[in-house]
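Input: a single structure, listed below in structure tokens.
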Amino acid sequence: MGRSPCCEKAHTNKGAWTKEEDQRLIRYIRVHGEGSWRSLPKAAGLLRCGKSCRLRWMNYLRPDLKRGNFTEDEDELIIKLHGLLGNKWSLIAGRLPGRTDNEIKNYWNTHIKRKLVSRGIDPQSHRPLNGTAKATPTELDFRNAPTLPKIKPITTATPSLSFKYDESQVKAKSDSLEGGNCTSSGMTTDEEQPSSRPNELNLELSIGFSTNSANSAESKPKVAKLKAVCLCWQLGFQRSEICSNCENTNGLFRYCTTLG
DNA sequence: AATCCGTACAACCGCAATCAT
DNA sequence: CATGATTGCGGTTGTACGGAT
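First residue of the first sequence: 54, per this note's numbering; consecutive thereafter.
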């Protein structure tokens with residue numbers, strides 16, 4: 054007794070999509086919207102499995118996709134997000150408007166891995182390969198977090214990061230962030246902040262969307278709200294760079310909250 | 001011209017998470 | 001709460017393409 058197959062495999066096409074199939078899928082989704090992937094192929098007259106349709110739409114046909122080469126800024130953002138999140142490609146993609154998880158994963162495997170190795174950095178651990186190269190460690194590291202919340206990649210709401218925390222440790226973290234202990238990139242290094250590695254803070258990450266973070270912080274006093282510490286600042290981008298996005302209301306990088 | 005090899009990327013697969021009943 | 005259906009994610013594979021031999 055195995056799992057039931059996701060679709061009737063005997064009568065489905067596989068492999069590369071034809072233009073005709075693409076057009077059918079686009080036309081159907083324009084009229085009916087995304088979702089109901091299991092029933093979509095039949096309704097759209099496609100001999101494809103629902104998963105295949107979803108993948109094709111998400112990774113190739115969606116109108117909001119950005120095609121073309123990755124910029125240097127995107128490269129650096131991916132590296133830093135990977136340092137924070139590990140192989141959570143969908144979360145990383147959520148911070149790169151117009152890019153898909155599959156695209157970023159492929160790009161990572163084909164370009165960035167090599168780039169990091171050439172810098173003497175281990176792509177998985179983000180630490181020096183031989184102990185001589187200077188890695189760019191991340192301030193917060195969720196790679197080994199027990200669970201990471203699922204969030205929609207693009208939203209007009211303002212999400213907030215929150216953590217269960219030890220107050221004294223967070224105070225120390227807050228002081229270190231505000232007290233000029235950061236490097237020019239906005240990050241602290243292992244050497245500079247050996248005791249403030251997030252793993253040692255026992256942070257439990259959760260991400261939520263609230264319209265009034267101050268009030269919600271009050272109603273849940275044990276959850277720190279990290280306002281004015283935007284994600285791209287944490288990642289080392291200055292206002293003139295990617296962080297300028299924080300200023301617009303689409304706010305894809307506006308993961309700002311306050312230390313409580 | 002033919003073949004080999006490395007690269008890039010689209011697509012598939014299995015599994016886990018989430019949702020609906 | 002339990003169970004089955006559905007969706008989404010991440011690892012992996014397949015294949016097209018270009019450059020080297």
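For every residue, glycine included, the Cβ atom is placed at its ideal position computed from N, Cα and C.
Start-to-end residues for the alpha helix (DSSP H) that takes in residue i
i	result
residue 98	That residue, residue 98, is in no alpha helix (DSSP H); it is neither H nor E in DSSP.
residue 108	103–109
residue 77	72–85
Other residues of its chain near residue i: CB distance less than 7 Å, five sequence neighbours each side excluded
i	result
residue 70	109
residue 166	176
residue 98	77
residue 123	160
residue 152	119, 146
residue 158	142
residue 82	110
Close-in-space but distant-in-sequence residues of the same chain around residue i (CB under 6 Å, 5 per side omitted)
i	result
residue 101	65, 66, 94
residue 275	A caution first: residue 275 carries a pLDDT of 31, below 50, which makes its placement in the model unreliable, though a value can still be read off. For residue 275, where only same-chain residues beyond five positions count, there are no Cβ hits under 6 Å.
residue 253	Because the pLDDT of residue 253 is 31, which lies under 50, any placement of that residue in the model is unreliable, and the number read from its coordinates should be weighed accordingly. If we look at residue 253 and ignore the five residues flanking it on each side, it has no Cβ neighbours.
residue 143	154
Same chain, Cβ closer than 8 Å to residue i, five either side skipped, listed in chain order
i	result
residue 68	none
residue 156	112, 146
For residue j and residue i, believed in contact at Cβ under 8 Å, the rounded distance
i	j	result
residue 149	residue 127	6 Å
residue 132	residue 169	7 Å
residue 104	residue 90	7 Å
residue 114	residue 75	6 Å
Scan the region 139–185 and note each continuous alpha helix (DSSP H) run of 4 residues or more that stays entirely inside, going in chain order. 142–147, 154–160, 166–171
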